[in-house]
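Down below is the structure, laid out as structure tokens.
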Amino acid sequence: MSESGVLLARGAEGAGLSWPPVPWPTQGSFAERLSKNPFLMAPMAGVSDRAWRLMARAGGAAVAYSEMVSVAGLHFASEKTWELVLPDAEEPDLAVQLFGSDPSLFAEAAEKVGARLGGRLAFLDVNMACPVAKVVRKGEGVALMDDPAKAAAIVEACRAGLSRCGLHTEVTAKIRLGRSPERPMAVELAKALEEAGVAAIAVHGRYGSQGYAGRSSKAAIAEVVGGVGIPVLASGDALDAQRCVQLLDDTGAAGVLVARGSYGNPWIFSDARALEGGEGVPERPLELRLCALELHLRLLAATGEHMLKARQIACHYLKGLPGAAAARRRIMQCSTIEGFLELVGMLRAGIAQREEAR
-8 MSESGVLLAR
2 GAEGAGLSWP
12 PVPWPTQGSF
22 AERLSKNPFL
32 MAPMAGVSDR
42 AWRLMARAGG
52 AAVAYSEMVS
62 VAGLHFASEK
72 TWELVLPDAE
82 EPDLAVQLFG
92 SDPSLFAEAA
102 EKVGARLGGR
112 LAFLDVNMAC
122 PVAKVVRKGE
132 GVALMDDPAK
142 AAAIVEACRA
152 GLSRCGLHTE
162 VTAKIRLGRS
172 PERPMAVELA
182 KALEEAGVAA
192 IAVHGRYGSQ
202 GYAGRSSKAA
212 IAEVVGGVGI
222 PVLASGDALD
232 AQRCVQLLDD
242 TGAAGVLVAR
252 GSYGNPWIFS
262 DARALEGGEG
272 VPERPLELRL
282 CALELHLRLL
292 AATGEHMLKA
302 RQIACHYLKG
312 LPGAAAARRR
322 IMQCSTIEGF
332 LELVGMLRAG
342 IAQREEAR
């Protein structure tokens, strides 16, 4: 068993998590697979590394996505790019999200990823939603929404690449409502992608020009749901379990992509499933939250990530806790796993002291 596997086997239960995770189903249609668990961990650049994905799977996510992976990076065999693709030894499977603009590079990348991951590739996703300027300037991300023909060609290229390595893994796509409100394209593009053979479409309910400002439009997502015959995943503002379930109900979507809602809250997936099933959400004492933070920190170190990432992660878990403001100041001085664990120990001692004083 790998180091991360040992950590999860020892620490998941104490953190209110479950291990091992339920693998992404290999049988049935995409809609049938989503019906078993409709809450997925979204791809997040700079965030959804191996440790984050392991925490999300332990928290009940049906599947987890990689960070955005450049098809050009894979073409040039960048080791740094491949690090984003390869799952941890303890991940049963992984959805890999690719970005770029050249259909031939997508075909090549799909074949390489499929050959490398084999049966551990849950499905391949194409990013047509990223609003970051340096991505859009290259005709990538949300810029692809202005060219449905090219977007469809990219999907077809990915399917061909997977076929060449003997996989029948599905291809999905993530889109927004359009590049800007002046040209809403979600329904038109979704139909073109459906015709090109995508198994499902994730729709972020904002325009590219909005970034992450304002509110995600549930009504616009519902329009896409009504416009295609394949499953639609709703994305945007799934910030807690209640809003995840509400997003399903209000849009008619088959699933929900959870991004920012998982910050410091790996339980959001199991909580959403509980609410969907008519159950309540359990209370989580401070000690349990500290156990989850400690597990996440240890996984970060075990998977070889830079510990400076842990600063933001720790701030997420400690948000709203007594003494969080003072702890944040200490966090910014930490740079090693030992320093972070020492801080967690101090927080535990503080909680114990407050309990004794009651």
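Each residue of the sequence shown is one higher than the one before, counting from -8 in the numbering used here. Where is the CB? At the ideal position from N, CA and C, for every residue including glycine.
Three-state secondary structure assigned by DSSP to residue i
i	result
glutamate 58	strand
alanine 36	coil
alanine 47	helix
histidine 195	strand
phenylalanine 67	coil
lysine 300	helix
valine 87	strand
alanine 183	helix
leucine 230	coil
leucine 112	strand
proline 172	coil
valine 215	helix
alanine 106	helix
glycine 268	coil
tyrosine 203	coil
glycine 157	coil
glutamine 324	coil
tyrosine 254	coil
methionine 136	helix
aspartate 241	helix
glycine 19	coil
glycine 336	helix
aspartate 93	coil
valine 123	coil
valine 236	helix
valine 178	helix
lysine 141	helix
Residue i burial status per 10 Å Cβ neighbour count (16 or more: buried)
i	result
glycine 202	exposed
glutamate 260	Per the sequence shown, residue 260 should be read as phenylalanine rather than glutamate. Counting Cβ neighbours within 10 Å, phenylalanine 260 comes out buried, since at least 16 surround it.
arginine 320	exposed
serine 20	exposed
threonine 294	buried
arginine 1	exposed
histidine 195	buried
glutamine 344	exposed
proline 11	exposed
threonine 327	exposed
phenylalanine 90	buried
leucine 238	buried
glutamine 88	buried
lysine 165	buried
methionine 35	buried
glutamate 131	buried
aspartate 240	exposed
arginine 150	buried
phenylalanine 331	buried
glutamate 58	buried
methionine 323	exposed
arginine 206	exposed
serine -7	exposed
cysteine 299	It should be pointed out that residue 299 corresponds to leucine in this sequence rather than to cysteine. Counting Cβ neighbours within 10 Å, leucine 299 comes out exposed, since fewer than 16 surround it.
Distance between beta carbons of residue j and residue i, contact taken as under 8 angstroms
i	j	result
leucine 184	alanine 177	Not quite, the Cβ-Cβ distance comes to about 10 angstroms (not below 8 angstroms), so this is no contact.
isoleucine 192	alanine 210	Contact doesn't hold; Cβ gap of about 17 angstroms is too wide.
proline 14	proline 83	4 angstroms
alanine 229	glycine 252	5 angstroms
arginine 275	phenylalanine 30	That pair is no contact at about 18 angstroms.
glutamate 173	proline 139	Actually they are not in contact, since the Cβ atoms of glutamate 173 and proline 139 sit about 16 angstroms apart, beyond 8 angstroms.
leucine -2	leucine 286	6 angstroms
phenylalanine 97	valine 60	About 11 angstroms separates the two Cβ atoms, so there is no contact after all.
serine 92	lysine 129	6 angstroms
alanine 355	valine 216	This structure cannot settle anything about residue 355, because the visible part of the chain is limited to -8 through 349.
leucine 338	alanine 318	6 angstroms
glycine 255	histidine 307	3 angstroms
methionine 32	alanine 55	4 angstroms
valine 189	isoleucine 212	Between isoleucine 212 and valine 189 the Cβ distance is about 16 angstroms, and since that is not below 8 angstroms, they are no contact.
Which residues DSSP lists as bridging residue i, in chain order
i	result
glycine 246	Leu224
threonine 72	According to DSSP, which records beta bridges pairwise, threonine 72 is partnered with nothing at all.
lysine 165	Asn118, Ala193
leucine -1	Answer is none; leucine -1 lacks a bridge partner.
phenylalanine 30	Val247
heavy atom of the ligand NAD below 6 angstroms from residue i C-beta
i	result
glycine 268	Absence of the ligand NAD is noted for the structure shown, with no ligands found whatsoever.
Contact with chain C by residue i, beta-carbon distance below 7 angstroms
i	result
valine 189	Absent here is chain C; the protein component of the structure consists of one chain.
Can you find at least 3 beta carbon pairs, one from the stretch 99 to 114 and one from the stretch 127 to 144, that sit closer than 8 angstroms? no
Does the count of Cβ pairs from the stretch 141 to 149 and the stretch 109 to 122 closer than 8 angstroms reach three? yes
Check whether the stretch 22 to 29 and the stretch 313 to 322 are in contact - that is, three or more C-beta pairs closer than 8 angstroms. no
Counting Cβ pairs closer than 8 angstroms, one from the stretch 271 to 291 and one from the stretch 236 to 249, do we hit at least three? no
Tell me, please, whether the stretch 231 to 248 touches the stretch 147 to 161 by the rule of three or more beta-carbon pairs shorter than 8 angstroms. no
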